[in-house]
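Chains as they are written, first to last, in the working numbering: chain A, 165 to 246; chain B, 3 to 204. For each residue, glycine too, the CB sits at the ideal point set by N, CA and C. All remarks here apply to the structure that follows.
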Ligand SMILES: [Zn+2]
């Protein structure tokens, strides 16, 4: 396979896949080489990856207890007639 | 409500609960509600951005699920099937609500025009050092709320719900490449939003 030249643009286009570990091995290697010598891309990569990790580590909008109670209540009424 | 006495929640899987519900056991459906209500609520809240609407929609989604349970295919995961009903319901409501403004969401990502901020920040600044867990969670919720709908739904399905690119594409009726490009934009926008917010106290 011909070695594709990595530009900042081509790295950025695949940034999500790279963060998700969803790129082929040979592409991953070329991206890693690019990151090692391109501080701009490294910053974007590092911050974006940390952003994703922060979101994955939090349960946003926890279910309020009264909402669950009302849900079961409403369903029990509606489903009697269903 | 003595659910716990009738169903030992860890031992029975969703599929079995569906089977029992179909056989007329309402307590089994209540257990499915117990298991999945929090996730469906979160999804609904993310998409609609409104607590009351999310609650309303939560009731509809489970009601619809119950009435369509005979269409559920046992090869699928119950939760995935439920999410499909829930997302369709939420998107339908959004479409009714909004006045048809369309934005180009899938244009090429520009890197030369300065829209993508690249300034370096200290590598070890950690939002959790300055904010409590609740405060951070609120910041995250607001950041997601501020995304355009097209980016928000993709981000929520992929990064919050953990669905695959293919599942997200199917659900939203988008191409794989549109899902990927929207996810990237959502992530980059969130990165910018959080950076601005989390640094304002520093
Ligand atoms: Zn670069």
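Residue i CB to nearest heavy atom of ligand 1 below 7 Å
| i | result |
| --- | --- |
| residue 175 of chain A | yes |
| residue 204 of chain A | yes |
| residue 224 of chain A | no |
| residue 48 of chain B | no |
| residue 198 of chain A | yes |
Status (buried if at least 16 other CB within 10 Å, exposed otherwise) for residue i
| i | result |
| --- | --- |
| residue 97 of chain B | exposed |
| residue 42 of chain B | buried |
| residue 173 of chain A | exposed |
| residue 88 of chain B | buried |
| residue 190 of chain B | buried |
| residue 181 of chain B | buried |
| residue 193 of chain A | exposed |
| residue 165 of chain B | buried |
| residue 161 of chain B | buried |
| residue 30 of chain B | buried |
| residue 13 of chain B | exposed |
| residue 24 of chain B | exposed |
| residue 136 of chain B | exposed |
| residue 32 of chain B | buried |
Short CB-CB distance (under 8 Å) between residue i and chain E
| i | result |
| --- | --- |
| residue 79 of chain B | Annotation note: the requested chain E is absent from the structure, which comprises protein chains A and B. |
CB contact flag (residue i, residue j, <8 Å)
| i | j | result |
| --- | --- | --- |
| residue 64 of chain B | residue 92 of chain B | no |
| residue 180 of chain A | residue 186 of chain B | yes |
| residue 235 of chain A | residue 28 of chain B | no |
| residue 195 of chain A | residue 187 of chain A | yes |
| residue 212 of chain A | residue 70 of chain B | no |
| residue 2 of chain B | residue 156 of chain B | The structure shown has nothing for residue 2 of chain B, since chain B only spans 3 to 204. |
| residue 81 of chain B | residue 16 of chain B | yes |
| residue 198 of chain A | residue 218 of chain A | no |
| residue 20 of chain B | residue 45 of chain B | no |
| residue 195 of chain B | residue 148 of chain B | yes |
| residue 61 of chain B | residue 238 of chain A | yes |
Any non-hydrogen atom of ligand 3 closer than 7 Å to residue i Cβ
| i | result |
| --- | --- |
| residue 32 of chain B | Of the ligands this structure carries, namely ligand 1, none is ligand 3. |
Whole alpha helix (DSSP H) runs in the stretch 24-61 of chain B with 4 or more residues, listed along the chain? 28-50
Please specify which runs of the alpha helix (DSSP H), each continuous and at least 4 residues long, are wholly inside the stretch 135-170 of chain B, giving them in chain order. 135-147 and 151-157
When the Cβ atoms of the stretch 225-241 of chain A are set against those of the stretch 52-60 of chain B, are three or more pairs found closer than 8 Å? yes
Do the stretch 27-43 of chain B and the stretch 151-158 of chain B make contact, defined as three or more Cβ pairs closer than 8 Å? no
Scan the stretch 182-241 of chain A and note each continuous alpha helix (DSSP H) run of 4 residues or more that stays entirely inside, going in chain order. 189-201 and 203-220
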